[in-house]
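Here the sequence shown is numbered in full-length UniProt numbering, starting from 1 and rising by one per residue. For glycine and all other residues, C-beta sits at the position ideal for the given N, C-alpha and C. Scroll down for the structure; my scribbles are underneath it.
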Amino acid sequence: MSDHLLSDRDLDLIFRNARTYNSWSERPVSAVELNAIYELMRMGPTAANCAPARLVFCQSEEAREKLAACAMEGNQDKIRSAPVTVIIGQDMEFYEKLPDLFPHADARSWFVGNDDLIAETAARNSTLQGAYLMIAARALGLDCGPMSGFDKDQVKEAFFPGTVITPNFLCCLGHGTTENLFPRSPRLSFDEACEIR
1 MSDHLLSDRD LDLIFRNART YNSWSERPVS AVELNAIYEL MRMGPTAANC
51 APARLVFCQS EEAREKLAAC AMEGNQDKIR SAPVTVIIGQ DMEFYEKLPD
101 LFPHADARSW FVGNDDLIAE TAARNSTLQG AYLMIAARAL GLDCGPMSGF
151 DKDQVKEAFF PGTVITPNFL CCLGHGTTEN LFPRSPRLSF DEACEIR
């Protein structure tokens, strides 16, 4: 096997055996681990290196309770019991950082005044970065529980007041347990989802 390929064990950890967890052990997640996750996820590609994701790691009981109050009932206990739930937000003025992040072109000018392009780019690329976060977390031995099912306006007011950052989705992080773990749902086959032209 090439040195450039991940092992089957690694692929199982990140993809094949990884699950969306609904309940969590009491084992904590440290700030060092959260930093390590970010250091990996930030290396993933985004359009023009725009990197619009802004993260709030709700680790304290106070922050988790505040976030749980913004979630639909079925998600509240997941947030309360997870050692960390991260809010993946999107900076709607991400383009202001492009002179530093993409210095070889005037990329900022592509976005200024183009609200549709800003919204599309922020949504697509912050979602990509959220996926990189989950892959990084799994690669570092943590489990994930991504979710929608929250009041976007409430989360905005509670965690991003007075800013141009809006929430995209949430993801619990920690060490999952098998309690409330559903059987793995089927996936579409290659032939059902793909074509080669």
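Assumed close pair residue i, residue j - CB separation to whole angstroms, cut-off 8 Å
{"i": "residue 64", "j": "residue 80", "result": "6 Å"}
{"i": "residue 14", "j": "residue 139", "result": "6 Å"}
{"i": "residue 88", "j": "residue 133", "result": "7 Å"}
{"i": "residue 103", "j": "residue 28", "result": "39 Å between Cβ atoms; not a contact."}
{"i": "residue 205", "j": "residue 37", "result": "The structure shown does not extend to residue 205, since the chain is modelled only from 1 to 197, so the question has no answer here."}
{"i": "residue 48", "j": "residue 98", "result": "6 Å"}
{"i": "residue 24", "j": "residue 174", "result": "4 Å"}
{"i": "residue 127", "j": "residue 75", "result": "Their Cβ separation, rounded to whole angstroms, is 18 Å, which puts residue 127 and residue 75 out of contact at 8 Å."}
Which residues DSSP lists as bridging residue i, in chain order
{"i": "residue 172", "result": "85 and 145"}
{"i": "residue 53", "result": "90"}
{"i": "residue 58", "result": "85"}
{"i": "residue 167", "result": "89"}
{"i": "residue 24", "result": "176"}
{"i": "residue 190", "result": "BP columns for residue 190 are empty, so no partner."}
{"i": "residue 71", "result": "150"}
Within 8 Å, strictly: CB atoms of residue i and residue j
{"i": "residue 199", "j": "residue 117", "result": "Because the chain is modelled from 1 through 197, residue 199 falls outside the range shown and cannot be assessed."}
{"i": "residue 184", "j": "residue 19", "result": "yes"}
{"i": "residue 172", "j": "residue 85", "result": "yes"}
{"i": "residue 111", "j": "residue 51", "result": "no"}
{"i": "residue 114", "j": "residue 46", "result": "no"}
{"i": "residue 78", "j": "residue 22", "result": "yes"}
The segment 174 to 186 contacting the segment 154 to 161, beta-carbon criterion three pairs below 8 Å
Taking 8 Å as the limit for Cβ pairs, the verdict is that the segment 154 to 161 does not touch the segment 174 to 186.
*Check whether the segment 140 to 151 touches the segment 107 to 122, taking contact to mean three or more Cβ pairs, one atom from each stretch, closer than 8 Å.*
With the cut-off at 8 Å, the segment 140 to 151 and the segment 107 to 122 do not touch.
> With contact counted as at least three CB pairs below 8 Å, one residue from each stretch, are the segment 89 to 97 and the segment 39 to 57 in contact?
Replying inline: Taking a cut-off of 8 Å for Cβ pairs, the segment 89 to 97 and the segment 39 to 57 touch, as three or more such pairs fall below it.
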